[in-house]
Amino acid sequence: MRKRFVIAIDGPGASGKSTTAKLLAKKMKYIYIDTGAMYRACGLCSLENNIDLKDIKALEKMLDNMEIQIKYSQTGNQIFLNGKDISSRIREADITKLSSEIAVIDIVRKKMVELQRQIGKDGGVIMDGRDIGTVVFPNADFKFFMIADVETRALRRWKEAKDKGEKISLNDIEKELVWRDRNDSTRDIAPLKQAEDAIAVDTSDMTIQEQVDFILNVIKKGKRRKIYSFICITLYFFMRVVWRLEIIHKERLESIENCIIAANHISAFDPLFIGAIIPGEIYYLAKAELFKNKLLEKLLKHVNVIPVKRGRIDKGAIRVVNEVLQKGHSIMIFPEGTRKATSVKAGIGKFALQLQKDIRPIFIKNSTDFWKCFSGKRRLQIIIAEKIKAESFSQLEDTKENYRNLASNVMKKILELENEC
Ligand code: DC
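Here this note's numbering runs 357 ahead of the position in the sequence shown, where the first position is 1.
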């Protein structure tokens, strides 16, 4: 699993890409790469060498002899063309237009994409442009597509120009943006468009801080998800090879979503074993004491464990479970509460009745018999039942007795599964 990500931020001019990307890079200690600056450098080079953009041979020669150097830091890029700092010059209006014109040319794009891939190959990079998520890094770890209405974008550019003492009308800026949007998005090669798996961020009514926070939040969640699936894949491998896992009614796994998963509990590994075979993420409940150990706390949070205080009603945990189920995730609950329990707790009945969620009973067998499984005498077996549909208990009143009865019925169904082994 790669630790340092490639983050692609695409979008039209003045949509907030570069400001956001720079701040993100600073926060994440990543390198920020402004790919637009590279096309601007190509535009400037063609202008300085009087090259007709239709003259492909001359362009080829220019690209071969041209040396673009980027001094990248988390706060911005300084760009050099054949050793000369051109960072300010490339922001001028003539180069802005020229950069969009030269960016439609195949050989120019090939050269720039190669350079960009080289810079980003080891990760730890936030790259902004038009085609980063679609062409340069189609497998980027995170992709964002920033948009904003043209009036807002024009106003942003106008304010920037005003601050720099440049005299340009708002109307002219808007016209230039509209022209560039069209030119960048209608070209044949690598047009400006949202990658299918990119997250669109409309920045029209967002502050810069909100843009940064939004993206950071997505990255944080995605990072946790990546760790979760890495753990599940590794564990699944061990379960197959070492525990000689057998899943009975595997086809039923496909329909496990937004439900309460109820299982028997004989070994400390049970939650992990069940979590590893279920497609997608599920949430768990575990005693709050486990979270006292800082290292364990970190790990448990990565695998979606919700701490529950035992011996009293933990309203905080109930609220989190409600949220998790309402967001469409599944949660695993052991009707017996703990491994050493002798009676069924009413909790699962309460959640299912109050939230009207389907219940999926699962029976796990031999998870305490590591050596017998390992030596080939037994197998770790997990049996998946048909779901208990919420309709079947939707008429029940919301009473403690009904919670208890429902919980007992679920436990009965779980134990009946043993006959299917
Ligand atoms: O992001 P910018 O405004 O500095 O970009 C200038 C031009 O460069 C833009 O109009 C289109 C082109 N460009 C591109 O084609 N592909 C990129 N990845 C980045 C910019």
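From the three backbone atoms N, C-alpha and C, an ideal C-beta is built for every residue, glycine too.
Check, Outcome
"Can you find at least 3 beta carbon pairs, one from the region 514–525 and one from the region 574–594, that sit closer than 8 Å?", "no"
"Suppose you measure from the CA of G605 to the CA of I716; what does that come to, to the nearest Å?", "Going by the sequence as given, residue 605 is Ile instead of Gly. Computed Cα separation, rounded: 18 Å."
"Check whether the region 397–416 and the region 482–498 touch, using three or more Cβ-Cβ pairs below 8 Å as the test.", "no"
"Could you give the uninterrupted runs of the beta strand (DSSP E) lying entirely in the region 705–729, keeping only those of 3 residues or more?", "716–722"
"Taking the alpha carbon of I572 as the point to measure from, which residue in D545, I530 and M503 has its own alpha carbon closest?", "M503"
"Relative to the alpha-carbon of I390, which residue among K702, Q475, L653 and E458 has its alpha-carbon at the smallest distance?", "Q475"
"Let's test the definition: count the other Cβ atoms within 10 Å of the Cβ of C616 and tell me whether it reaches 16, buried, or not, exposed.", "buried"
"Is it the case that the region 678–688 contacts the region 612–631, given that we only count it when at least three CB pairs across the two stretches are under 8 Å?", "yes"
"What is the C-beta distance between I447 and A398, in whole angstroms, given that I count them as a contact (C-beta under 8 Å)?", "6 Å"
"At the level of alpha carbons, what is the spacing between E743 and R609?", "7 Å"
"Answer yes or no: the CB of T491 versus the heavy atoms of the ligand DC, is any distance below 7 Å?", "no"
"Short of 7 Å in beta carbon distance, which residues of its chain neighbour I459, apart from the five on each side in sequence? Order them along the chain.", "Y396, C399, G400, S403, L410 and V465"
"Tell me whether the beta-carbon of A764 lies closer than 8 Å to the beta-carbon of V681.", "no"
"Does the count of Cβ pairs from the region 723–737 and the region 585–594 closer than 8 Å reach three?", "no"
"Could you tell me the distance, in whole angstroms, from the CA atom of L774 to the CA atom of L647?", "30 Å"
"If we ignore side chains and look at the alpha-carbon of each, how far apart do N762 and A703 end up?", "8 Å"
"Here's the rule I'm using: 16 or more other beta-carbon atoms within 10 Å means buried, otherwise exposed. How should D755 be labelled?", "exposed"
"So what's V599 in DSSP terms, helix, strand or just coil?", "coil"
"Just to confirm the assignment, what range does the alpha helix (DSSP H) spanning G632 have?", "D627 to I634"
"Please look up how many angstroms separate the CB atoms of A450 and V492, rounded, as I've assumed it's under 8 Å.", "Not quite, the Cβ-Cβ distance comes to about 27 Å (not below 8 Å), so this is no contact."
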